[in-house]
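S.K.:
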Amino acid sequence: MSVNQNIPKVDGLGLITGKPAYTDDLAPKDALIVKVLRSPYANAKIKCINTEKALKVKGISLILTHKNVPDTVYTRAGQGSPEPSPYDKKILDEYVRYIGDEVAVVAGINKSVVEKALKKIKVEYEVLEPVLDYEKAIENHSKVHDPDHGIVMFDIGRDATKNIAASYAMEIGNVEEEFQKSDYYYEDVYYTQAQAHIMSEPHAAYAYLDLQDRLNVVTSTQTPFHVRRILGKTLDIPLSKIRVFKPRIGGGYGGKQFIHGEFFVSLVTLQTKKSCKLIYTRKEVFQATNTRHPMRIKMRIGTMADGMMNAIEMKILSNTGAYGEHSLTVLMVAGSKSLPLYNKVKAVKFSGDVVYTNTTPAGAFRGYGAIQGNFALESAVTEMANIIDMDPIEFRRKNMIKENETSKIFEVMGEGTEGTAQMIESCKLEECIQVVKEKIKWNEKYPFVEVDEKTVRSVGLAIAMQGSGIPYIDMGSAVLKLNDDGFFNLQVGATDLGTGSDTVLAQIAAEVLEVSTDKIIVYSSDTDQTPYDVGAYASSTTYVSGNSVYLTAREMLKALKERAKQVLKVDEISYKKGVFTSDDQSITLVELSNELFYGENMKQLVTSESYYGKKSPPPYMACACEVEINKETGVLKVLECVASVDCGVTLNPNLAKIQVEGALVQGLGMTLTEQANRGPKGQLYNNTFLNYGGPTKMDFGKLDVSFVDSYEPSGPFGAKSVGEIGIDTPPAVISNAIKNAIGVRMKELPITPEKIWRAINK
Amino acid sequence: MTAITLNINDTDYEVMVDGGDMLVDTLRALGFTSVKKGCDTGSCGVCSILLDGKVIPSCSLFTMKAREHKILTIDGIEEKAREIGHFLLEEGVDQCGFCTPGLIMSIVAMENDLKVYTEESIKHYLVGNLCRCTGYEGQLRSIKKYLEVS
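So the sequences go chain by chain: A and B. Every letter in the first sequence is one number past the one before it in numbering that gives the first Met the number 0, and letter 740, counting from 1, is 739. Every letter in the second sequence is one number past the one before it in numbering that gives the first Met the number 0, and letter 84, counting from 1, is 83.
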């Protein structure tokens, strides 16, 4: 048995002992060093750029500016084609749109000459008025993008004249009518902030030309196949001339679902014919990659006296920063991965605009949209329960989705396009709630316990859902090859970003083939050597790529049985744990493989299948926290965070647990400590680990994560996704707990001690 | 450029360095890529090494200052790294792995420094080793198992 076992990560020992594994470890020693000159202004036009003196610095090989790179617009978002993100970025542009935007790229023999040359580039800017307040972006007379700049692949509601990157609206039923009929009504506005990914490994890429003069790009990416396509399309190079490879990567969480340095290393290598590398500094990672989309979310809920919700409306203003990567999809997910939780409403409305501002672009980040939507929805639902004086858990139980039910939203809303209708075949929300309620000792602690005059403890709870890939868009594929001695190579395009997906996919193949996991040698994420996969995003790898591995292994088993029949000269055969049997004859997998390589029946067995989702079964979870608030200082301590998750069958329970634990702490960080703070000119104030506020071992209390028994019929061995869901609940859970403690609703993230103190002392 | 001798993992290396070179860059250039670079401000712990048995961020020490000290990277304690690593693997907290060699170096230093382990003292000692993947809880479980702390 491989599935549902705690198999250690196949690459774990190598990583732990520090073997060369990441992009910068593998880059050629003589690679040219590439660095980027970045804009000091949030909005400016480059009037003149002079590289003459910089080029004279000894050891400088090349300087790129907007004058000597292809003048093509594209999107850096790593998404399927055609992308729902606007093509509004140029490799280098005569306009710079945020502090950190690329102005020039310098390549030279070492760091010091490159840094010297960077200082000698003379740039004259025409400084323009920046758009910094996203709530005032639409009516702002200043524009982030010229109306003629940028194109869209299909209508996403973009209107550059109003600084709108994308917009969307849908309504099922008539919410205004239902609000009129409702006995109780609630509305309020919630705010979420820009959060940084702070993955351990800064973004990195290197490039070289291989023996066939092809461009090879090795990059810390979540989406190698999208990188190849976007590079080829934008640079006008046939895809056959490009190879993209992802080695091990030091964390991504969505931050590497995005083109960063790949264009610059490609152009330098293509022009100089030399290998080169670009490793971002931490400051660059903070200010010049991307953040989570800050959002303003207006919630309206109408409820009948019996506690049934009648209608929900969610209206969003989202800030995409300088460029529109993932603008439409993050917006839509805020609704589509939260609102179906309450599927019994008679009407539901969702709408929003995504606006450009002259700040660091927003992009993909684990739980994108969902965490923002969940904060607003699960806070608002709790407020509504308070209004009708019903226990918030009972209120949820009455209204939430259950197994063998559906929501019209699945059909209406997808990611950038229409959705896909689906029946929920696995949903253990009820059980999840029961588990966390008991573990947190809800009945003893709700709503609060006074510890002493200045200290109060309280509990809060929220539920969440996610998806498992994007139906009819995300595709994964696998190739299995039999070797002599009876072991297999599994090649997958899927992208393991540290989650352990290589291991989980090997487990799936091993389970089907009834061999131990170490007989499956995985190789992944190489556009030359592995079949296509969209990459690691949208909680798709276990479900989508996993299904492709499952199908591929089934085909391999079929092929093996056919060959075993031939070798044994029989018509019927059975297989169990490495042995093929027919009546009194048998042959082991090892013997069969050797026979196929060296016997009379020579044949290399290779099978391949691909898979795309026809649905996106949501994992579900409930989460509760106990917090302690010092009413004199506003300091909040998270004492315990309990989560119970339904992600179908956990293929590797340990790895699944770490996915949830890691996500919970990222969510708690967003709730309490993390924020990309900007100054009056748009400059990022906290762009180091010292002052950003990323969680350390000392910041939060105990985590208690468990899984409920569940089986998803459409998933590989009953599995659904688990990568993102864990991040969704903390903001609402903590906000709900604070409300229970001090009677004030915190509506703006992060919830700092200062904000709590102000709320108490209002 | 100045020629100096560095003692790394009990072997002497002759290296040419500039006054401003940081130890992490020198080590990586010598092939010790187990020492990672993460934050540029001495605050994430992925470049942790031992200098005479004390854990330091190698991004914050001039290479020149490492002369006449004993530098230990994870490559010098393969056996020990595997032993500790086994506990991390069993808990699934190796994850992206980028911070793990640095964490192990800090655990080794902690074993030199602390006589008694409690959950609090472990957390406090290892607070400088940041990890974004695991949420720390699983790391703590595995370290407690390794140190046999209940």
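Positions of the beta carbon are idealized from the N, C-alpha and C atoms, including for glycine.
Just the chain B side, please: which residues come within less than 7 angstroms of L778 of chain A by C-beta, in chain order?
M.R.: In the structure displayed, chain A extends from 0 to 761; residue 778 of chain A sits before or after that span and is not available.
S.K.: Just checking, does the segment 352-360 of chain A make contact with the segment 126-143 of chain A on the three C-beta pairs under 8 angstroms criterion?
M.R.: Segments in contact, yes.
S.K.: Using a Cβ-Cβ cut-off of less than 8 angstroms, list which residues of the segment 63-76 of chain B approach chain A; keep chain order.
M.R.: Sequence-ordered contacts of the segment 63-76 of chain B with chain A read T72, I73 and D74 [C-beta pairs closer than 8 angstroms].
S.K.: For T133 of chain B, which residues in chain A fall below 9 angstroms Cβ to Cβ?
M.R.: Residues of chain A whose Cβ lies closer than 9 angstroms to the Cβ of T133 of chain B are, in chain order, I657, E660, G661 and V664.
S.K.: Closer than 6 angstroms to a non-hydrogen atom of the ligand NAP - does that hold for the CB of F699 of chain A?
M.R.: With respect to small molecules bound, the structure shown includes none, and the ligand NAP cannot be examined in it.
S.K.: If we count the other Cβ atoms within 10 Å of its Cβ and call it buried at 16 or more, is P237 of chain A buried or exposed?
M.R.: exposed
S.K.: Please tell me whether A184 of chain B has its Cβ less than 7 angstroms away from any Cβ of chain A.
M.R.: The structure shown does not extend to residue 184 of chain B, since chain B is modelled only from 0 through 149, so no value can be given for it.
S.K.: In the DSSP assignment, find the unbroken beta strand (DSSP E) run with G320 of chain A in it and report its ends.
M.R.: From DSSP, the beta strand (DSSP E) with G320 of chain A extends over M308 to G320.
S.K.: Taking only the alpha-carbon atoms, compute the straight-line gap between A508 of chain A and K575 of chain A and give it to the nearest angstrom.
M.R.: 15 angstroms
S.K.: Using Cβ-Cβ distances below 9 angstroms, what residues of the segment 17-31 of chain A are close to chain B?
M.R.: So the close ones are G17, K18, P19, A20, Y21, D23, D24, L25 and K28.
S.K.: Closest by CA to L671 of chain A, which one among A:D698, A:R677, A:P652 and A:E631?
M.R.: A:D698
S.K.: With 8 angstroms as the C-beta to C-beta threshold (strictly closer), list the residues of the segment 488-506 of chain A near chain B in chain order.
M.R.: L496, G497, T498 and G499
S.K.: Is F486 of chain A helix, strand or coil by DSSP?
M.R.: coil
S.K.: Using the DSSP secondary-structure output, state which residues sit across from G253 of chain A in a beta bridge.
M.R.: Partner(s): none; G253 of chain A has no beta bridge.
S.K.: Would the beta-carbon of G647 of chain A fall within 7 angstroms of that of E711 of chain A?
M.R.: Taking a C-beta distance under 7 angstroms as the contact criterion, G647 of chain A and E711 of chain A qualify as a contact pair.
S.K.: Going by alpha carbons, who is nearest to S326 of chain A out of A:K564, A:R157, A:D582 and A:I423?
M.R.: A:R157
S.K.: Just grab the DSSP bridge partners of F349 of chain A for me.
M.R.: The partner list for F349 of chain A (beta bridge, DSSP) reads A:M169 and A:M313.
S.K.: My guess is that S643 of chain A and C431 of chain A are in contact by the Cβ rule of under 8 angstroms, so how many angstroms apart are they, rounded?
M.R.: 4 angstroms
S.K.: Rounded to a whole number of angstroms, what is the C-alpha to C-alpha distance between I76 of chain B and E312 of chain A?
M.R.: 59 angstroms
S.K.: Over the uninterrupted alpha helix (DSSP H) stretch that includes V284 of chain A, give me the two end residues.
M.R.: R281 to A287
S.K.: Tell whether a beta-carbon distance below 7 angstroms holds between T319 of chain A and A361 of chain A.
M.R.: yes
S.K.: Report the residue from B:G137, B:I73 and B:S149 whose alpha carbon sits nearest the alpha carbon of S705 of chain A.
M.R.: B:G137
S.K.: Taking E89 of chain B as the query, report the chain A residues whose CB atoms sit under 9 angstroms from its CB, ordered along the chain.
M.R.: N5, P7 and N653
S.K.: Based on Cα-Cα distance, which residue from A:R281, A:D92, A:K436 and A:P715 lies nearest to P201 of chain A?
M.R.: A:R281
S.K.: If I measure Cβ to Cβ from G415 of chain A and keep anything under 6 angstroms in the same chain, skipping five residues before and after, which residues do I get?
M.R.: P83, L327 and T328
S.K.: Under three-state DSSP, which class holds G137 of chain B?
M.R.: helix
S.K.: Measuring straight from C-alpha to C-alpha, what distance separates G153 of chain B and S317 of chain A?
M.R.: Outside the modelled stretch of chain B, which goes from 0 to 149, sits residue 153 of chain B, for which no answer is possible.
S.K.: I'd like the span of the beta strand (DSSP E) that includes G13 of chain A, first residue to last.
M.R.: Careful: G13 of chain A lies outside any beta strand (DSSP E), inside the alpha helix (DSSP H) at G11 to I15.
S.K.: In this structure, how does DSSP classify S199 of chain A when only helix, strand and coil are distinguished?
M.R.: coil
S.K.: Can you tell me which residues form a DSSP beta bridge with S60 of chain A?
M.R.: None, per the DSSP bridge assignment.
S.K.: When you compare the CB positions of Y183 of chain A and I386 of chain A, do they come within less than 7 angstroms of one another, or not?
M.R.: yes
S.K.: So who's on the other strand from K69 of chain B, going by DSSP bridges?
M.R.: Answer by DSSP bridge pairing, in chain order: B:N6.
S.K.: Tell me, please, whether the CB atom of R291 of chain A is closer than 7 angstroms to any CB atom in chain B?
M.R.: no
S.K.: Can you have a look at G30 of chain B and say buried or exposed, based on whether 16 or more other CB atoms are within 10 angstroms of its CB?
M.R.: exposed
S.K.: Establish whether the CB of D39 of chain B and some CB of chain A are separated by less than 7 angstroms.
M.R.: yes
S.K.: Between which two residues does the alpha helix (DSSP H) containing N3 of chain A stretch?
M.R.: That residue, N3 of chain A, is in no alpha helix (DSSP H); it is neither H nor E in DSSP.
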